[in-house]
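Chemist: Residues in the sequence shown are numbered consecutively from 11, following the numbering used here.
Using N, Cα and C, we set each Cβ at its ideal position, and we do this for glycine too.
In this text, all values refer to a predicted model and were calculated from it rather than measured experimentally.
Quick one: the structure is below, and I'll ask about it shortly.
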Amino acid sequence: MTFIAQYKPPPPCLKTPSIHDIILTFDSDISEGTDLLHIQMLLAEEEIMKARRLLPVIFLICTYCALTLALTPTLQTLAAWDLGGTPVSTESYDQETACITEDGEGGSIVVWEDGRISGHQMIYAQRFDSRGNALWTEGGVSVCSTAGYKYYPQAVPGSDGGAVIVWQDGRSGNYDIYMQKLDGDGVLQWSSGGFALCTAPDDQRVPMLVPDGTGGAIVAWEDERNGTGIDIYARRVDGAGTLYWTVWGEAISTESGDQAKINIITDMAGGAIIVWSDERDMGTSLRDTYYAHIESDGNITTISGGTPVCTADGYQNWPKIVRMDDFHFAISWYDGRNLTKDIYVQYYYLSSPQLSENGAEICSIDGALLFSNEMTIDDQGRLVVCWYDSRSGPYRIYAQCYDFQLGPVWTDDGVAVCGDWDGQEVPKIVPDGAGGSIISWVDYRLGDYQPRIYSQRLDADGNRLWDTDGIKVCSERNSHDRMEMISDGNGGAFMAWEDLSLDGEDLYAQRIDRNGYIASPEPSINAARDVPGDEGGQIDLSWYSSYLDPVPNQEITHYTIWKSLTAEAVAMMKAGGVRMSDGFTDIFVDPDKPVIRIETLAGATWFWELIDSQTAQYYESYSRVVATNFDSSDATSAWHYFQIAAHTADPLVVFTSDPDSARSVDNLAPATPMGVIGEQEFSPEGLQISWDANTEPDLGGYLIFRAPYATFVPGSASFIATVDEIEYFDSNWDWESGYWYKIAAFDVHENVSGYAIFGPGELTGEDPPDVPSSTYIAQNYPNPFNPATTIRFGLREASQLTLRIYDPAGRLVRELVNGTLPAGHYNEQWDGLTAGGTRAASGVYFYKLTAGMFVETRKMVLLK
């Protein structure tokens, strides 16, 4: 009995850069003197904007996952159905004659006539998700705003959350049939202003349509082109806007008199079955009921001009048709054969009627006037019909269940849907998915000028399941009228109606769930965020309570908190005796065993682990710190998903929130490394750096930076190494460079400590001896260079030597030294000139020292 809302996964969070990503961006983005520790401090929630101005790239490093609430679209969708009715459009002048259809993704699309432009009738549309959030432009998107009045819009689901829409259009002076398709974002897919389906002479009006199975539709309409009355034509358009069948439409019936009052269903194979009221026989039968079947290719399989459904005496009017399955359908109509207005039905297998000729009686009350027969099919394949009649004086709503083998199932002539109240009209009906039906109507119990919308649910036996007199859907405005309703796909219903305002009619919408609760009784997650200043492993989860929780309702007893698990994790837990459930009724049977609840959201299977509960305290919101399975890091950036369930005293009545996501993060940086020392060495030559080990259990390693001045900012140009040990040997160090070093620790979650800093004055070890222990040649400094660089070498003993510069092709560029030198250390400068005195080109060069048996070559780069 749980209401399952349509779920849309949240947008992906901005990816947190790795340590190396950070290093590669620091130089150009951080002002001098700013280090990582300071940046990390700036990421505290109260300093978000300050950090953003300082360093746009570092702004991506979200220490709090909750930052996404301010920087990206909200991760979860707040419930938006209003107890007083959710506005569809409250623009000036009239918004009226609404229709409503599914969006194919758990929500609804409302289409209407709109007079906001000086009262000129246009066509507008709005899409709502299952929680009542308007997904398109406030006030609706314009479907057609060309000149000429437009009436009678109808819509069916299109594709990708959109709709196919048809209407009666007066732009040419006569009425024609135009169409448009909207995608899931409300963007027009066909010609601006719609494209003409039929512009035959005289009027085409009152179109009806069904999906064609390709994202398009089959449309049937009343047509006066022949000048002899009203005929019926139809045409198909596919999802790409390609028209099929005869230009201006395929003739369904052009018999004498009027063929009107169309109703239509799909044949489940790309075609349609059309039913209408027919005046061709003006003898004892004033009107009859006919139908026709047209296939996807335009072939009509029934009798030319229509196949009779009922040709009994009197009139048969306002036929309705409903599909039962791929092979069966049923037709009902008003019937005057008994000199009263009764309701009859016929049942078909393919094209073969299954009941007696001219149909079977649903309801016949002497002297009563019956109106507005509406039908649906329950889960047993039975027909459920509702109407309003005058048997008790003022109009009241009645319903009957008809089994095509047994006949009427409920009380003779139907059960009263509402208790003793009078003045109920224009019912609509949808199945509840559990063997019963939901019926809504316009109710005048407050007087003729204060109609309201009420709803009732009947079970499979015709018993009322909600308040005896029905549930009031909306009561905050004046006059509610012309209501339309569809199933919400979860045992409840969506509906839209006209609402009288000071400047005309407005449109409102509402949801009623299978338990008779209107609007949004489910809780909604307000925020799921990392707990600041911790070592990770937990989330601060807060949620808005169900409106049934606070005073005066107080119907919520407690909340349960659920965390999503992967199928792999669930498989591992099964070995430990985890208990699996597909609902809420048995989750507390054995508190010592973990509970996994299986749920389907948006076609995907979710596994929810029960992790906590909260007793209802009649508050408007709650919060709880809950554990996560892992922390986010560069290696594991997956999100945790959470859901809140609000429970009532009835274990079958539970309301679930949309899932929301968060990541837990270790917010505590390691301590700054201590005890750093640097000791020069000569064999091999370089600087041995070491420091005391950090003690954090989640330590990831150390970052080492180097530059020739103390105020440098760690970045890509100064970065030299990432190490796991507490030492590093810098073979490129020398005394002349005057290097300064900065060392920081980082953990596995990429938190970076402050810097330990030391420079030339803090080095230990003996000065280099006058004579090296072995002949050597060091790396030139600087490298790359421009315009000059120094090459340092040493001789263990006096030697005849050469020091030469070569290009990559091996050609001699310059000879710097050629002669005999005593033992010792030497610095030789190359000024970037060739042997001929010209400036050498930018690029890679090689310098080679030959001294006795010692020969060594190194690479350097000249930049300009």
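Taking Cβ to Cβ, would you say residue 535 is nearer than 8 Å to residue 623?
Modeler: Taking the first residue of the sequence shown as position 1, residue 535 is located at position 525. Taking the first residue of the sequence shown as position 1, residue 623 is located at position 613. Not a contact, by the Cβ cut-off of 8 Å.
Chemist: From the DSSP output, in three-state form, read off residue 863 for me.
Modeler: Taking the first residue of the sequence shown as position 1, residue 863 is located at position 853. Note: residue 863 maps to coil in three-state DSSP.
Chemist: Considering only their Cβ atoms, is the gap separating residue 425 from residue 408 smaller than 8 Å?
Modeler: As a first step, residue 408 is located in the sequence shown; it is residue number 398 there, counting from the start. As a first step, residue 425 is located in the sequence shown; it is residue number 415 there, counting from the start. Contact flag set, yes.
Chemist: Between residue 438 and residue 427, what straight-line distance do the alpha-carbon atoms span, to the nearest angstrom?
Modeler: Residue numbering aside, residue 438 sits at position 428 when the sequence shown is read from its first letter. Residue numbering aside, residue 427 sits at position 417 when the sequence shown is read from its first letter. Each residue's Cα considered, the two are about 12 Å apart.
Chemist: Alpha carbon to alpha carbon, what distance is there between residue 476 and residue 560?
Modeler: Against the sequence shown, residue 560 aligns to sequence position 550. Against the sequence shown, residue 476 aligns to sequence position 466. The alpha-carbon atoms of residue 560 and residue 476 are separated by roughly 22 Å.
Chemist: Taking 8 Å as the cut-off, decide whether the C-beta atoms of residue 489 and residue 531 are in contact.
Modeler: Translated into positions along the sequence shown, residue 489 becomes position 479. Translated into positions along the sequence shown, residue 531 becomes position 521. Not a contact, by the Cβ cut-off of 8 Å.
Chemist: For residue 747, name the three-state secondary structure that DSSP assigns.
Modeler: Position 737 of the sequence shown holds residue 747. Looking at residue 747 - three-state DSSP - the assignment turns out to be helix.
Chemist: Which parts of the segment 490 to 542 are runs of the beta strand (DSSP E), unbroken and 3 residues or longer, counting only runs that do not cross its ends?
Modeler: Listed in chain order, they are 490 to 497, 503 to 511, 514 to 522 and 534 to 540.
Chemist: Excluding sequence positions up to five away, which residues of its chain have a Cβ less than 7 Å from the Cβ of residue 628?
Modeler: For the purposes of this step, residue 628 is identified with residue 618 of the sequence shown, where counting begins at 1. Same-chain partners within the cutoff: 559, 560, 561 and 564.
Chemist: What is the DSSP secondary structure of residue 148, reduced to helix, strand or coil?
Modeler: Taking the first residue of the sequence shown as position 1, residue 148 is located at position 138. Coil, per DSSP.
Chemist: May I ask you to report which of helix, strand or coil DSSP gives residue 807?
Modeler: For this step, residue 807 is matched to residue 797 along the sequence shown. The answer is coil: DSSP assigns residue 807 none of H, G, I, E or B.
Chemist: Are residue 344 and residue 326 closer than 8 Å when you measure CB to CB?
Modeler: Counting from 1 along the sequence shown, the entry for residue 344 is found at position 334. Counting from 1 along the sequence shown, the entry for residue 326 is found at position 316. Against a cut-off of 8 Å, the Cβ pair of residue 326 and residue 344 comes out as a contact.
Chemist: Is it true that the CB of residue 220 sits closer than 8 Å to the CB of residue 264?
Modeler: Here residue 264 refers to the residue found at position 254 when the sequence shown is read from its first residue. Here residue 220 refers to the residue found at position 210 when the sequence shown is read from its first residue. No. Outside cutoff.
Chemist: Let me know the secondary structure DSSP gives residue 206 once reduced to three states.
Modeler: As a first step, residue 206 is located in the sequence shown; it is residue number 196 there, counting from the start. Correct three-state label for residue 206: strand.
Chemist: How many Å lie between residue 491 and residue 510 at the Cα?
Modeler: For the purposes of this step, residue 491 is identified with residue 481 of the sequence shown, where counting begins at 1. For the purposes of this step, residue 510 is identified with residue 500 of the sequence shown, where counting begins at 1. The alpha-carbon atoms of residue 491 and residue 510 are separated by roughly 8 Å.
Chemist: Return the first residue and the last residue of the beta strand (DSSP E) that residue 371 is part of.
Modeler: The residue labelled residue 371 in the question sits at position 361 within the sequence shown. Taken as a continuous stretch (DSSP letters only), the beta strand (DSSP E) holding residue 371 covers 370 to 373.
Chemist: For the pair the segment 645 to 665 and the segment 574 to 594, tell me if three or more CB-CB distances fall below 8 Å.
Modeler: Yes: at least three Cβ pairs fall under 8 Å.
Chemist: Check whether the Cβ atoms of residue 826 and residue 811 lie closer than 8 Å to each other.
Modeler: For this step, residue 826 is matched to residue 816 along the sequence shown. For this step, residue 811 is matched to residue 801 along the sequence shown. Cβ distance not < 8 Å, so residue 826 and residue 811 don't count as in contact.
Chemist: So for residue 603, helix, strand or coil by DSSP?
Modeler: To locate residue 603, count along the sequence shown from 1; it is residue 593. Coil.
Chemist: Could you check the C-alpha separation between residue 500 and residue 248 for me, to the nearest Å?
Modeler: As a working note, residue 500 is residue 490 in the sequence shown. As a working note, residue 248 is residue 238 in the sequence shown. Going by the C-alpha atoms only, they are around 29 Å apart.
Chemist: What is the rounded straight-line gap between the Cα of residue 789 and the Cα of residue 581?
Modeler: What you label residue 789 is simply residue 779 of the sequence shown in a count that begins at 1. What you label residue 581 is simply residue 571 of the sequence shown in a count that begins at 1. Spanning the two alpha carbons is a distance of roughly 58 Å.
Chemist: Starting from the Cα of residue 707, find the closest Cα among 720, 733, 829 and 676 and give me that residue.
Modeler: The count along the sequence shown starts at 1 and reaches residue 707 at position 697. Of the listed residues, the one whose Cα sits closest to residue 707 is 676.
Chemist: With contact counted as at least three CB pairs below 8 Å, one residue from each stretch, are the segment 167 to 186 and the segment 140 to 156 in contact?
Modeler: Yes: at least three Cβ pairs fall under 8 Å.
Chemist: Quick one: is residue 225 buried, meaning 16 or more other Cβ sit within 10 Å of its Cβ, or exposed?
Modeler: Walking along the sequence shown from the start, residue 225 turns up at place 215. When all chains shown are included, residue 225 counts as buried.
Chemist: Which same chain residues end up closer than 8 Å to residue 841 when comparing Cβ atoms and leaving out the 5 residues on each side of it in sequence?
Modeler: Start at 1 with the first residue of the sequence shown, and residue 841 comes out as number 831. Within the same chain, residue 841 has close Cβ partners 797 and 798.
Chemist: To which residues of the same chain is residue 270 closer than 7 Å at the C-beta, ignoring the five residues directly before and after it?
Modeler: Position 260 of the sequence shown, counted from the start, is the residue given in the question as residue 270. Once the five neighbours on either side are set aside, the close Cβ partners of residue 270 are 232, 240, 286 and 287.
Chemist: I need the DSSP call for residue 583, collapsed to helix, strand or coil.
Modeler: As a first step, residue 583 is located in the sequence shown; it is residue number 573 there, counting from the start. It is helical.
Chemist: Using a 10 Å radius around the Cβ and a threshold of 16 neighbouring Cβ atoms, would you call residue 704 buried or exposed?
Modeler: Counted from its first residue, the sequence shown places residue 704 at position 694. So residue 704 counts as buried.
Chemist: Can residue 105 and residue 515 be called in contact, C-beta distance under 8 Å?
Modeler: Along the sequence shown, one-based indexing puts residue 105 at 95. Along the sequence shown, one-based indexing puts residue 515 at 505. Yes, the pair counts as a contact, with Cβ atoms nearer than the cut-off.
Chemist: Check whether the Cβ atoms of residue 463 and residue 397 sit closer than 8 Å, and answer yes or no.
Modeler: For the purposes of this step, residue 463 is taken as the residue at position 453 of the sequence shown. For the purposes of this step, residue 397 is taken as the residue at position 387 of the sequence shown. No, Cβ-Cβ distance for residue 463 and residue 397 is not below 8 Å.
Chemist: Return the chain-ordered ranges of every beta strand (DSSP E) run that is complete within the segment 633 to 677 and spans a minimum of 3 residues.
Modeler: Fully enclosed beta strand (DSSP E) runs of 3 or longer: 650 to 658, 664 to 666 and 670 to 672.
Chemist: Just verifying my parser: in three-state terms, what is the DSSP assignment at residue 879?
Modeler: Lying before the first or after the last residue shown, residue 879 is absent from the chain, which here runs from 11 to 874.
Chemist: Using a 10 Å radius around the Cβ and a threshold of 16 neighbouring Cβ atoms, would you call residue 478 buried or exposed?
Modeler: Looking up residue 478 in the sequence shown gives position 468. Exposed: under 16 other Cβ atoms inside 10 Å.
Chemist: Name the DSSP bridge partner or partners of residue 453?
Modeler: Stepping through the sequence shown from its first residue, residue 453 is reached at position 443. Looking at the DSSP assignment, residue 453 forms a beta bridge with 434 and 462.
Chemist: Do you know offhand how far residue 785's Cα is from residue 818's?
Modeler: Position 775 of the sequence shown holds residue 785. Position 808 of the sequence shown holds residue 818. Distance between the alpha carbons of residue 785 and residue 818 is about 25 Å.
Chemist: Can you look up residue 688 in the DSSP assignment and give me helix, strand or coil?
Modeler: Numbered from its first residue, the sequence shown carries residue 688 at position 678. DSSP places residue 688 in strand when its eight states are reduced to three.
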